[in-house]
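In my numbering, the protein residues as written are 2 to 117.
By construction, the Cβ of each residue, glycine as well, lies at the ideal position given by its N, Cα and C atoms.
Note that this is a predicted model, so its numbers are computed, not measured.
Read through the structure below, which is laid out as structure tokens, and then see the notes.
Next up, the structure:
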């Protein structure tokens, strides 16, 4: 009976002693370690990249563009190469269509450092 009453206090004392016995020398150097910009990747593997470069296609240039307000306004088969796009506008890529006069402007309640 007495052993059951003493078990929990003895375990908690043992855990406290165990945590007190751990090495705390890193706490003395912690501020130096955090504030030192010359310490980089301590205890880590050397950086490397496994990704092999793949072929890529540059999409910059002038693209044909058609704007409609609703999905119902999208023309059927617009994706076919033989589709007549003579009446479509042109946009420069990379950019967004709002900056080139289509759709709603992005910035309504704030001033932008460029003309919108």
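For residue i, tell me which candidate among the options has the shortest Cα-Cα distance.
i	options	result
residue 59	95, 12, 14, 16	95
residue 69	62, 45, 54, 99	99
residue 71	11, 29, 104	104
residue 93	61, 12, 29, 38	61
Residues in its own chain within less than 8 Å of residue i by CB, not counting five upstream and five downstream?
i	result
residue 78	84
residue 91	63, 64, 65, 66
Please return the same chain residues whose Cβ sits closer than 7 Å to the Cβ of residue i, not counting the five positions on each side in sequence.
i	result
residue 80	none
With a threshold of 6 Å on Cβ separation, who are the neighbours of residue i within its own chain once the five nearest residues in sequence on each side are excluded?
i	result
residue 97	none
residue 86	65
residue 101	92
To test your reading of the DSSP string, which unbroken alpha helix (DSSP H) runs of 4 or more residues are found completely within the region 4-39?
26-36
Would you check if the region 41-49 and the region 60-79 touch, i.e. whether three or more CB-CB distances between them fall below 8 Å?
no
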